[in-house]
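Report on one structure; see the data block that follows.
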Amino acid sequence: MCADSIPADGEAGSSGSIVLQGRVEKRPLGQGTKSAHPGMVLVLPDGRWHVLRRAGGHAYSDPMFEAMEGQQVRLRGRLRPNFFLVDGLDEEPND
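Using full-length UniProt numbering, the letters of the sequence shown map in sequence onto residues 1 to 95.
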């Protein structure tokens, strides 16, 4: 089951968009159901995780997230009850 729908860093924009940071991993999803499949998730530093989805992307397989597997990333998007709908990468501010 995915993590509670609470922003990890408290960064919520006026559009409901937030930034989450963590490691992209492939995990088995939907075990015990007809829709069981490996899927990409964002694992937060505290161990909670969110299934990753992208508007217009395939629900079970998205090459963008698969290319990020194993990487630490900052993603901007909106939390939904069962997934994190990603708008795009959030760039670190330059110091």
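Every residue gets a Cβ at the ideal spot worked out from N, C-alpha and C, and that includes glycine.
Close beta carbons around residue i, own chain, < 8 Å, minus the five adjacent residues each side
i	result
Phe-84	Leu-20, Leu-42, His-50, Val-51, Leu-52, Arg-53, Leu-75, Gly-77 and Arg-78
Glu-91	Arg-74
Own chain partners of residue i with C-beta closer than 7 Å, once the 5 adjacent residues on each side are dropped
i	result
His-37	Leu-29, Gly-30 and Tyr-60
Gly-16	Arg-78
Ser-35	none
Sequence-distant residues of its chain with Cβ nearer than 6 Å to residue i (five each side left out)
i	result
Gln-72	Arg-23
Arg-27	Val-41
Asp-62	Arg-54
Paired residues, beta bridge with residue i - DSSP
i	result
Gly-56	Paired residues: none, contrary to the question.
Gly-77	Ile-18 and Val-86
Gln-71	None; Gln-71 has no bridge partner.
Glu-25	Val-41
Exposure of residue i, with buried meaning 16 or more beta-carbon neighbours within 10 Å
i	result
Gly-88	exposed
Gly-39	buried
Nearest-angstrom beta carbon gap, residue j and residue i [assumed within contact, 8 Å]
i	j	result
Glu-25	Glu-69	7 Å
Gly-57	Met-64	7 Å
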